[in-house]
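Residue 361 in the UniProt record's numbering is what sits at position 361 of the sequence shown, and the numbering runs on without skipping anything. In this text, a Cβ means the ideal position worked out from N, Cα and C, and glycines have one as well.
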Amino acid sequence: MNDFPKNFLWGGAVAAHQIEGGWNVDGKGLSIGDVMTNGGNGIARQITKGVEDQYYYPNHEAIDFYHRYREDILLLKELGLKVFRTSIHWSRIFPLGDEQEPNEQGLQFYDDLFDALLENGIEPVITLSHFEMPYHLAETYGGFKDKRVIEFFAHYAETVMHRYKDKVTYWMTFNEINNQADGQHDLHTWTNSGILFEDNETESEKEAIIFQASINELIASAKAVQLGKIINPDFQIGCMMAYVPIYPYSSKPEDQMAALKVMQRRFFYSDIHVRGTVPAYAKKRWLQKGINIDLSAEEEKILQQGTVDFIGFSYYMSGTTTTIETVDGQPISDFEHSKMLTNPYVASSDWGWQIDPVGLRYTLNIVYERYGLPLFIVENGFGAYDDVHEEIIQDNYRIDYLAAHIIQMKLAIVEDGVDVLGYTTWGIIDIVSFGSGEMDKRYGMIYVDKDNQGHGTLKRKKKASFHWYQKVIATNGEDI
Ligand code: P53
1 MNDFPKNFLW
11 GGAVAAHQIE
21 GGWNVDGKGL
31 SIGDVMTNGG
41 NGIARQITKG
51 VEDQYYYPNH
61 EAIDFYHRYR
71 EDILLLKELG
81 LKVFRTSIHW
91 SRIFPLGDEQ
101 EPNEQGLQFY
111 DDLFDALLEN
121 GIEPVITLSH
131 FEMPYHLAET
141 YGGFKDKRVI
151 EFFAHYAETV
161 MHRYKDKVTY
171 WMTFNEINNQ
181 ADGQHDLHTW
191 TNSGILFEDN
201 ETESEKEAII
211 FQASINELIA
221 SAKAVQLGKI
231 INPDFQIGCM
241 MAYVPIYPYS
251 SKPEDQMAAL
261 KVMQRRFFYS
271 DIHVRGTVPA
281 YAKKRWLQKG
291 INIDLSAEEE
301 KILQQGTVDF
311 IGFSYYMSGT
321 TTTIETVDGQ
331 PISDFEHSKM
341 LTNPYVASSD
351 WGWQIDPVGL
361 RYTLNIVYER
371 YGLPLFIVEN
381 GFGAYDDVHE
391 EIIQDNYRID
401 YLAAHIIQMK
411 LAIVEDGVDV
421 LGYTTWGIID
431 IVSFGSGEMD
441 KRYGMIYVDK
451 DNQGHGTLKR
461 KKKASFHWYQ
471 KVIATNGEDI
């Protein structure tokens, strides 16, 4: 008996800015990722005003997928991938973001890339914006703070969905749209709305800015869904969320409420993507905090008419919250006196990400119960230091991590009845880390010879996990 659906979409995932390189070729404009320096484990990346000579920008070359994708696709084919998730680099298509005419060379690149994938039996799954926005839109308009950016995004979305209407079926609008609301803007500085905060802005002001930009981004997403459905009614258009489930630390009822409140911060986005209306808890929060949101009746209608077909999400880790005063933790604003802390029952990666496979099954259940829509796990993976001197990298820790998560996904499908479309592991080939800019936070099953300073031959090599995942896919998840 086979437990995974027959057409289960096994795959791998990456993002254009973390893999392509070719940052200034063939008419591409500067992207917000192009002005992010390298950071390190526990060291934040910096954002510079344009490109400055004295810094190293790891995304400029990344792993040079732009010039090497044909060779890489052959490896992905050997791996047996059914789907490959990547994004379109917005600034290849509209270098500045606010022009009418697209850059034909940029469009041609993705035609060639998608053709090469399809010829090798791999279906592209496409994110329209994976923390990628033309730098000009961030610099001149303040990103999604400005309502005009809604139109620029819609025009971009319509252009590419029209161009690739016969090559791509699965689309997602914004990668991890909720990631900007989880307090993570302190980590990355850019939010995925293309906003930089001013030093003198208070936490309350930042919250108001993020809520407004998020609403604008949600309107942009809904417009893209509407346009896409006109272009090709068979399109499956989803949202993309970072689901980091937050557990109550104890059975204290207030801990349960605190966990629920933190989760509402994330569900705010998928609630609007799926239901098309602003949830009551958000409206109350705006009222209490004196936040005035600009959302017209016409825009509300767009939200209602542009709801998604499926929910794509990333899953790496879980978190824990408590209101117990004697327990140490990081204060958060979602519920009075609540704070985030380390879960004593789970291990952590070298970057402090809490490893929790059961949390994936839990998340699949919670999200499916809430929305009843098909789910697509479009990111799951283990960032780790590999011993690069080994002849074949024996990344058993990565195999263990992935196997444990696949087993929990299987339980959600088989025992809990959750509808899961597919599973794409993050960073199937080593890429530039988004959070830290490192190469050495490796996720790949294919090793790329490049280090944190940008040195290396860029040669590709299969790791032990490559052979393991090949077998998982070939047996449709029977042999984990
Ligand atoms: P890196 C935080 C929490 C969960 C997912 O992240 C996250 C982040 C951001 O760091 O981002 C997603 O490279 C994102 C990818 C990213 C991947 O997770 O920081 O969609 O672009 O590379 C892993 O280790």
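Point to revise | Distance cut-off 7 angstroms: F153 Cβ against heavy atoms of the ligand P53 | key: As a first step, residue 153 is located in the sequence shown; it is residue number 153 there, counting from the start. Because no heavy atom of the ligand P53 lies under 7 angstroms away, the Cβ of F153 does not count as near it: no.
Practice item. With DSSP as the reference, label Q470 as helix, strand or coil. Key: Along the sequence shown, one-based indexing puts residue 470 at 470. Looking at Q470 - three-state DSSP - the assignment turns out to be helix.
Review point. Can you list, in chain order, the residues of its chain whose CB lies under 6 angstroms from that of K461, leaving out five sequence neighbours each side?
Key: By 1-based counting over the sequence shown, the position of residue 461 is 461. So the list reads Y447, once near-sequence residues are dropped.
Practice item. Check each candidate in G352, S338, A208 and name the one with the smallest Cα separation from R292. Key: Position 292 of the sequence shown, counted from the start, is the residue given in the question as residue 292. Here residue 292 is Asn; the residue named in the question, Arg, does not match the sequence. Per the Cα distances, A208.
Check your understanding: Using the C-alpha atoms, what's the distance from E78 back to Q46?
Key -> In the sequence shown, the residue the question calls residue 46 occupies position 46. In the sequence shown, the residue the question calls residue 78 occupies position 78. In this structure, the straight-line span from the alpha carbon of Q46 to that of E78 is close to 38 angstroms.
Review point. What's the C-alpha gap between R178 and E391?
Key: Counting from one through the sequence shown, the residue named residue 178 turns up at place 178. Counting from one through the sequence shown, the residue named residue 391 turns up at place 391. Residue 178 is actually Asn in this sequence, not Arg. Answer to the nearest angstrom: the Cα atoms are 40 angstroms apart.
Practice item. Give a yes or no on contact between the segment 206-224 and the segment 406-423, applying the rule of three or more CB pairs nearer than 8 angstroms. Key: Contact check between the segment 206-224 and the segment 406-423: fewer than three CB pairs, one atom from each, fall below 8 angstroms, which does not count as touching.
Point to revise | Exposure label - D3; buried when at least 16 CB within 10 Å | key: Walking along the sequence shown from the start, residue 3 turns up at place 3. When all chains shown are included, D3 counts as exposed.
Point to revise | Same chain only: Cβ atoms within 7 angstroms of W468, ignoring 5 sequence neighbours per side | key: Reading the sequence shown from its first residue, position 468 is the one you call residue 468. Here the set comprises I399.
Check your understanding: Is S87 near the ligand P53, in the sense that its beta carbon is under 7 angstroms from a heavy atom of that ligand?
Key -> Locating residue 87 in the sequence shown gives position 87, where the first residue counts as 1. No, the ligand P53 has no heavy atom inside 7 angstroms of this Cβ.
Point to revise | F376 CB to nearest heavy atom of the ligand P53 below 7 angstroms | key: One-based indexing of the sequence shown puts residue 376 at position 376. Not under cutoff, so the answer is no.
Practice item. Could you tell me whether any non-hydrogen atom of the ligand P53 is closer than 7 angstroms to the CB of G383? Key: As a position in the sequence shown, residue 383 is number 383, starting the count at 1. True, at least one ligand heavy atom lies under 7 angstroms from that Cβ.
Check your understanding: Shortest alpha-carbon distance to Y110 belongs to which of K145, F65, F153?
Key -> On the sequence shown, position 110 is the one that residue 110 refers to. The shortest C-alpha separation from Y110 is found at F65.
Check your understanding: Can you tell me whether K339 is buried or exposed, with buried defined as 16 or more other CB within 10 angstroms of its CB?
Key -> For the purposes of this step, residue 339 is taken as residue 339 along the sequence shown, with counting starting at 1. K339 counts as buried, since no fewer than 16 other beta carbons sit within 10 angstroms of its beta carbon.
Practice item. Could you check what DSSP says for F152 in three-state terms: helix, strand or coil? Key: Taking the sequence shown and counting its residues from 1, one reaches residue 152 at position 152. F152 falls in the helix class under three-state DSSP.
Point to revise | Distance CB(A259)-CB(I246) smaller than 8 angstroms | key: Here the question's residue 259 lines up with position 259 in the sequence shown. Here the question's residue 246 lines up with position 246 in the sequence shown. Contact flag set, yes.
Practice item. Out of Y269, N380, I324, F153, state which residue places its alpha-carbon closest to the alpha-carbon of R442. Key: The count along the sequence shown starts at 1 and reaches residue 442 at position 442. For R442, the nearest C-alpha among the options comes from N380.
**Study point:** Contact between the segment 49-62 and the segment 88-100 (3+ Cβ pairs under 8 angstroms)
**Key:** no
Check your understanding: Is DSSP giving M36 helix, strand or coil here?
Key -> Numbered from its first residue, the sequence shown carries residue 36 at position 36. In the structure shown, the three-state DSSP call for M36 is strand.
Point to revise | Close-in-space but distant-in-sequence residues of the same chain around L360 (CB under 8 angstroms, 5 per side omitted) | key: Here residue 360 refers to the residue found at position 360 of the sequence shown. Once the five neighbours on either side are set aside, the close Cβ partners of L360 are Y315, I377, N380, H405, Q408, M409, A412.
Review point. Among H337, L75, G40, which residue has its Cα nearest to the Cα of V327?
Key: By one-based count along the sequence shown, residue 327 stands at place 327. With distances taken between Cα atoms, V327 lies closest to H337.
Review point. Comparing the CB of K450 with every heavy atom of the ligand P53, is any distance shorter than 7 angstroms?
Key: For the purposes of this step, residue 450 is identified with residue 450 of the sequence shown, where counting begins at 1. Checking the 7 angstroms criterion, the Cβ of K450 is out of range of every heavy atom belonging to the ligand P53.
Practice item. Look at the alpha carbon of E176 and the alpha carbon of T475, and state the distance between them as a whole number of angstroms. Key: For the purposes of this step, residue 176 is identified with residue 176 of the sequence shown, where counting begins at 1. For the purposes of this step, residue 475 is identified with residue 475 of the sequence shown, where counting begins at 1. Using only the alpha carbons, I get a separation of about 31 angstroms.
Exercise for review: Please state if the CB of G454 and the CB of G427 are separated by a distance shorter than 8 angstroms.
Suggested key: By one-based count along the sequence shown, residue 427 stands at place 427. By one-based count along the sequence shown, residue 454 stands at place 454. Cβ atoms of G427 and G454: not closer than 8 angstroms.
Practice item. Rounded to whole angstroms, what's the CA-CA distance from residue 481 to A62? Just pull it up for me. Key: The displayed coordinates of the chain run from 1 to 480. Any statement about residue 481 would go beyond what the structure contains.
Review point. Roughly how many angstroms separate the alpha carbons of T127 and Q236, rounded to a whole number?
Key: Counting from 1 along the sequence shown, the entry for residue 127 is found at position 127. Counting from 1 along the sequence shown, the entry for residue 236 is found at position 236. One C-alpha to the other measures close to 12 angstroms.
Practice item. Would you check if the segment 28-42 and the segment 417-426 touch, i.e. whether three or more CB-CB distances between them fall below 8 angstroms? Key: Contact between the segment 417-426 and the segment 28-42 is absent, because fewer than three Cβ pairs lie under 8 angstroms.
Review point. Can you tell me where the beta strand (DSSP E) with L170 in it begins and where it stops?
Key: Here residue 170 refers to the residue found at position 170 when the sequence shown is read from its first residue. Here residue 170 turns out to be Tyr, not Leu, going by the sequence shown. From DSSP, the beta strand (DSSP E) with Y170 extends over 170-174.
Check your understanding: Is S273 near the ligand P53, going by C-beta to nearest heavy atom under 7 angstroms?
Key -> By one-based count along the sequence shown, residue 273 stands at place 273. Note that residue 273 corresponds to His in the displayed sequence, not to Ser. False, no ligand heavy atom lies under 7 angstroms from that Cβ.
Practice item. Pull up the distance between the alpha-carbon of P58 and that of G352, whole angstroms please. Key: Indexing the sequence shown from 1 puts residue 58 at position 58. Indexing the sequence shown from 1 puts residue 352 at position 352. Each residue's Cα considered, the two are about 22 angstroms apart.
Review point. Measuring CB to CB, does L74 end up less than 8 angstroms from W10?
Key: Within the sequence shown, the letter at position 74 stands for residue 74. Within the sequence shown, the letter at position 10 stands for residue 10. No, these two residues do not count as a Cβ contact at 8 angstroms.
Exercise for review: Output yes or no for whether 8 angstroms exceeds the beta carbon distance between V125 and R85.
Suggested key: Stepping through the sequence shown from its first residue, residue 125 is reached at position 125. Stepping through the sequence shown from its first residue, residue 85 is reached at position 85. Closer than 8 angstroms, so yes.
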